[in-house]
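Residue numbers (my numbering): 1 to 301. A virtual CB, placed ideally from N, CA and C, is assigned to each residue, including glycine. Remember, predicted model here, so these are calculated numbers, not experimental data.
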Amino acid sequence: MSMSGNTKVFGIIGNPVSHSLSPVFQNYFLEQAGIDAIYAPFCVRECDVVRALGGLWAAGVEGINVTVPHKEAVLGQVEADADAMCIGAVNTIKRHAAGWRGTNTDWRGFRDVLHGMKMEVSGTEVLMFGAGGSARAVLHALARERVRKVSICNRSEGRLHAFIRHAGDVYPELAVATVAWKQAAVSATCDRVALTVNTTSIGLGGKGDHSPFRLSGDGVVLDAVYAQNGHTAFVCAAEQAGCKAMDGLPMLLAQGVSSFCYWHRIEPTRITVLRWLEARLGREPADLPGWEKVYEVHTTG
Ligand code: NDP
Numbered sequence: 001m002s003m004s005g006n007t008k009v010f011g012i013i014g015n016p017v018s019h020s021l022s023p024v025f026q027n028y029f030l031e032q033a034g035i036d037a038i039y040a041p042f043c044v045r046e047c048d049v050v051r052a053l054g055g056l057w058a059a060g061v062e063g064i065n066v067t068v069p070h071k072e073a074v075l076g077q078v079e080a081d082a083d084a085m086c087i088g089a090v091n092t093i094k095r096h097a098a099g100w101r102g103t104n105t106d107w108r109g110f111r112d113v114l115h116g117m118k119m120e121v122s123g124t125e126v127l128m129f130g131a132g133g134s135a136r137a138v139l140h141a142l143a144r145e146r147v148r149k150v151s152i153c154n155r156s157e158g159r160l161h162a163f164i165r166h167a168g169d170v171y172p173e174l175a176v177a178t179v180a181w182k183q184a185a186v187s188a189t190c191d192r193v194a195l196t197v198n199t200t201s202i203g204l205g206g207k208g209d210h211s212p213f214r215l216s217g218d219g220v221v222l223d224a225v226y227a228q229n230g231h232t233a234f235v236c237a238a239e240q241a242g243c244k245a246m247d248g249l250p251m252l253l254a255q256g257v258s259s260f261c262y263w264h265r266i267e268p269t270r271i272t273v274l275r276w277l278e279a280r281l282g283r284e285p286a287d288l289p290g291w292e293k294v295y296e297v298h299t300t301g
């Protein structure tokens, strides 16, 4: 990587941020596209978010990804687009003359994985575990894909009910239901849905984390959490039930592609970068036939 006085700076803020894979693939995208820029991690404490945004802007930084725990706080500090406003969180910002503009690409990452798996979810019911920030992004994607009903299962009832209110306010056309945090209720729902999504952070801890429930049925299981070897707690539970399953690596990569596009108007080829990343992590290739239709790096809109 060579730098000059003209090298542009992009990055990610979060706390912690050292585990993030975004610098790995964003720098790869930059190199592949021949753009004179770098992408760096910035660990920012919650109490410093506003100052950090001002400082990064003043220093001429061009674009930033925002990760846990800052996505909601940053929304209030930027000119956010309609998708980010619906979700209530921002994960990508870019500079403009007077400050930052923001969007949310997490929902696009999830949607692109559904398309990559060639899953048609329109008119179906989906079971979703979790009611936090990523659940809102997944819900937005499911609503945009015209899912008929989302059944939501979350450990704490307070957050579950707040989430149900949010869903009713923002997506009145979507049916939402609660599923008790109990094996019997989970099994009954699992058995009838074609798609189950985990958006809880269970499995983030790596070894020793187990799915709180046995899974069943013949649907697909998608986990937002990723593990180096792909075997997260929910992926393992899905495989024990004989279900097709995928961890959050393709979603993470797809949201990164979408962020890159937001900044540079260039769309890296998802499948090429995914295969590069999988080889780097030493894991099996994910089955995403919808991404196999290979395009060369091209300029969008
Ligand atoms: P939040 O903190 O907003 O929400 C966390 C959710 O996990 C809550 O529903 C919480 O339930 C639940 N939870 C946490 N610990 C447990 C536990 N031990 N048992 C049961 N439930 C638990 O986090 P986010 O929604 O932002 O992120 C969740 C996960 O999604 C993270 O691991 C993150 O890495 C991943 N993610 C992946 C992305 C990708 O591109 N692949 C994009 C965004 C996120 P409760 O209300 O009961 O506390």
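Here DSSP, grouped into helix, strand and coil, assigns residue 231 to coil.
With fewer than 16 other CB atoms across the displayed protein chains lying within 10 angstroms of its CB, residue 218 is exposed.
The continuous stretches of alpha helix (DSSP H) do not include residue 223, which lies in the beta strand (DSSP E) extending over residues 220-223. DSSP, reduced to helix, strand and coil, places residue 171 outside both helices and strands of the structure shown, so it counts as coil. Within the region 70-118, the complete beta strand (DSSP E) runs of at least 3 residues fall at 92-96 and 99-103. Under the criterion of beta carbons closer than 8 Å, residue 154 and residue 130 qualify as touching, at roughly 6 Å. In the three-state reduction of the DSSP assignment, residue 22 falls in the helix class. In the structure shown, the three-state DSSP call for residue 5 is coil. Annotated as distal: residue 79 and residue 55, with beta-carbon spacing of 9 Å or more. Shown here, residue 163 sits in a helix according to DSSP, grouped into three states. Taken through DSSP and simplified to helix, strand or coil, residue 15 comes out as coil.
Taking the Cβ of residue 255 as the reference point, at least one heavy atom of the ligand NDP falls within a distance shorter than 8 Å. The alpha-carbon of residue 253 is positioned some 11 Å away from that of residue 105. In terms of Cβ geometry, residue 158 and residue 229 do not form a close pair [threshold 9 Å].
The C-alpha of residue 48 lies about 13 Å from the C-alpha of residue 66.
DSSP, read as helix, strand or coil, puts residue 31 in helix. A check of alpha carbon separations from residue 18 across 62, 139, 175 and 68 identifies 68 as the nearest.
In terms of side-chain proximity, the C-beta atom of residue 182 is found no nearer than 8 Å to any non-hydrogen atom of the ligand NDP.
Not one heavy atom of the ligand NDP is found less than 8 Å from the C-beta of residue 60. Boundaries of the beta strand (DSSP E) harbouring residue 37: 37-43, taken from the DSSP string.
Per the Cβ contact rule, the region 210-224 is in contact with the region 237-246 (3 or more Cβ pairs under 8 Å).
By the Cβ rule, the region 253-269 does not count as touching the region 191-207, because fewer than three pairs are nearer than 8 Å. Under the Cβ criterion (8 Å, minimum of three pairs), the region 186-199 does not count as touching the region 156-171. In terms of Cβ geometry, residue 22 and residue 203 do not form a close pair [threshold 9 Å]. In this structure, residue 52 sits near residue 13, with a CB-CB distance shorter than 9 Å.
Taking the Cβ of residue 106 as the reference point, at least one heavy atom of the ligand NDP falls within a distance shorter than 8 Å. With contacts defined by Cβ atoms closer than 9 Å, residue 61 and residue 95 form a contacting pair. Taking C-alpha positions only, residue 73 is separated from residue 198 by approximately 24 Å.
Using a cutoff of 8 Å, the CB of residue 172 does not count as near the ligand NDP, since none of the ligand's heavy atoms is closer than that.
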